Structures are given as structure tokens and as C-alpha cells.
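Taking it in order: structure first as C-alpha cells, then the write-up.
Here it is as C-alpha cells:
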């Protein structure tokens with residue numbers, strides 16, 4: 001059994017790091033993905049980033065955190 005590309009129904013090669021959609025090589029894009037952010041030496045914020053994480057090109061990772069007061 002193979003998994004189909006979300007866009008063209010061809011054979012998928014990867015899944016989007018941000019939403020999980022499967023995509024083929026033709027429809028895969030790349031975006032940086034932050035694994036973690038921390039405060040380093042001299043109180044300097046640092047991040048560990050994957051520079052070329054697979055992105056489906058359809059989902060919209062938000063640039064800012066979204067408030068979710070309904071969780072509490």
C-alpha cells in the first residue's frame with residue numbers, strides 16, 4: 001500500500017512537518033522548523049532549527065503564537 005500525494009494523487013515521498021499532509025517530490029517545498037528556543041550565554045536567545053523541513057505548501061504555519069484561553 002502506498003500513500004498518495006495530497007495535491008496530485010501520485011506516490012507521496014514525504015509528509016509535511018507542519019500539518020502532516022503527504023506530498024510527492026514535485027509538490028514538496030521547504031521551510032525552516034524551530035525544534036526549540038532557549039536562553040544561552042549572556043542571556044542571548046538561541047534556537048535549534050532544521051533549515052529545510054518538508055512543507056506541503058498548502059498549510060499556513062502561523063508567525064506568532066495563537067492564544068487559546070478555552071484550554072483552561
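Numbering (this note's numbering), first residue to last: 1 to 72. Yeah, the Cβ is synthetic: ideal placement off N, Cα and C, and Gly gets one too. These figures come from a predicted structure and were not determined experimentally.
query                                                                             : result
Pick from 45, 8 and 50 that is closest to residue 35, judged by C-alpha positions : 50
For residue 28, the three-state DSSP class (helix, strand or coil)                : coil
CB-CB length for residue 6 against residue 22, believed under 8 Å                 : 6 Å
Residue 54, DSSP secondary structure in three states                              : strand
Residue 33 versus residue 44: straight-line alpha-carbon distance, rounded        : 20 Å
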